[in-house]
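S.K.: Using this note's numbering, the first residue of the sequence shown is number 2, and each one after it goes up by one.
Cβ atoms here follow ideal geometry from the backbone N, Cα and C, with glycine treated the same way.
My questions will all concern the structure given below.
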Amino acid sequence: MNGRFVLGVLLVLVVIVGAVGIGAYAYNMGVAQGMATSGKIEVPSTGVAPFPNYAPFFYRPFGFGFGFLGCLGPLILFFVFFSLLRLFLWGPRWGWRGMHHRHWDGDIPPMAEEFHRKLHEQQEKKSNAQP
2 MNGRFVLGVL
12 LVLVVIVGAV
22 GIGAYAYNMG
32 VAQGMATSGK
42 IEVPSTGVAP
52 FPNYAPFFYR
62 PFGFGFGFLG
72 CLGPLILFFV
82 FFSLLRLFLW
92 GPRWGWRGMH
102 HRHWDGDIPP
112 MAEEFHRKLH
122 EQQEKKSNAQ
132 P
């Protein structure tokens, strides 16, 4: 049992708990909507509308902290969630396993060796041509 398996199980448990929480919240919203439309709940009549909780140092006219781009918050969270899901299920991207870079283990392919040789020849010609 390695660490990725344990993290995968924990991720599945978090997703299940989140789904159950969303389901319970949706059920309670449906019950509240049904009670409100059935007429069993009477709304008390008040002469004055309630004053909103207002503090000048917390006032944000366009949402919480993102200004008029507040709609990007859920989009960013969406991408972060699926990036973490990809990381837990398939591991880190190639070349970054355990903070090590992959290196060439075998001989240099002939095409790469020829290309490297030509580059050095061009560099030598340029350095010899300049006075």
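Take every Cβ of the segment 84 to 91, pair it with every Cβ of the segment 3 to 18, and state whether three or more of those distances are shorter than 8 Å.
M.R.: yes
S.K.: Just reading off the alpha helix (DSSP H) that S84 is part of, what are its end residues?
M.R.: The residue given as residue 84 occupies position 83 in the sequence shown. Its alpha helix (DSSP H) spans residues L73 to W91.
S.K.: Rounding to the nearest angstrom, what Cα-Cα distance links P111 and K119 in this structure?
M.R.: Residue 111 sits at position 110 when you count from the first residue of the sequence shown. Residue 119 sits at position 118 when you count from the first residue of the sequence shown. Distance between the alpha carbons of P111 and K119: 12 Å.
S.K.: Going straight from the alpha carbon of I109 to that of K127, what length do you get?
M.R.: Against the sequence shown, residue 109 aligns to sequence position 108. Against the sequence shown, residue 127 aligns to sequence position 126. Rounded to the nearest angstrom, the two C-alpha atoms are 26 Å apart.
S.K.: How far does the alpha helix (DSSP H) with S39 in it reach, from first residue to last?
M.R.: Walking along the sequence shown from the start, residue 39 turns up at place 38. Note, S39: alpha helix (DSSP H), G4 to S39.
S.K.: Compute the Euclidean distance between the alpha carbons of I77 and G4, then round it to the nearest angstrom.
M.R.: By one-based count along the sequence shown, residue 77 stands at place 76. By one-based count along the sequence shown, residue 4 stands at place 3. Those two C-alpha atoms are separated by around 27 Å.
S.K.: Hey, could you find the ends of the alpha helix (DSSP H) S128 is sitting in?
M.R.: As a first step, residue 128 is located in the sequence shown; it is residue number 127 there, counting from the start. Start and end: P111 to A130.
S.K.: If we ignore side chains and look at the alpha-carbon of each, how far apart do V13 and A37 end up?
M.R.: To locate residue 13, count along the sequence shown from 1; it is residue 12. To locate residue 37, count along the sequence shown from 1; it is residue 36. Approximately 36 Å between the Cα atoms of the pair.
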